[in-house]
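Student: I'd like to ask some things about the structure below.
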Amino acid sequence: MITIRQARAGDEIGMQECNLTNLPENYQMKYYLYHFATWPALSFVAENQEGRVVGYVLAKMNDDNDAKLPLDGHITSLS
Numbered sequence: 674m675i676t677i678r679q680a681r682a683g684d685e686i687g688m689q690e691c692n693l694t695n696l697p698e699n700y701q702m703k704y705y706l707y708h709f710a711t712w713p714a715l716s717f718v719a720e721n722q723e724g725r726v727v728g729y730v731l732a733k734m735n736d737d738n739d740a741k742l743p744l745d746g747h748i749t750s751l752s
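All you need for this note's numbering is the position in the sequence shown, starting with 1, plus 673.
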């Protein structure tokens, strides 16, 4: 069984492991920390029954919006 939950401090190692295993474009640790700090509600992980991170999604709000509505964002990384 897989559980989806909001990412939290300590998940970045598992997220990076997923990234290195599954994607050709790899990120440094500061990329995950930047997302956690800037858009904390928009990062999620998938955990297996043992609590191991087996997937993640990082998203961000676009900040070039100049307060126009509706607000928009996008997924920046999915593994």
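Ideal Cβ positions, reconstructed from N, Cα and C, are used throughout, including at glycine.
According to DSSP, what are the bridge partners of residue 676?
Tutor: According to DSSP, which records beta bridges pairwise, residue 676 is partnered with 720.
Student: With a CB to CB cut of under 7 angstroms and the five nearest residues on each side skipped, what residues in its chain are close to residue 674?
Tutor: Closer than 7 angstroms at the Cβ level, and outside the excluded window around residue 674, lie 722.
Student: When DSSP labels each residue in this structure, what does residue 700 get in the three-state scheme?
Tutor: Coil, per DSSP.
Student: Would you list the residues sitting across from residue 750 in a DSSP beta bridge?
Tutor: According to DSSP, residue 750 bridges with 731.
Student: What residue from 712, 695, 711, 706 has the CA that sits closest to residue 685's CA?
Tutor: Of the listed residues, the one whose Cα sits closest to residue 685 is 706.
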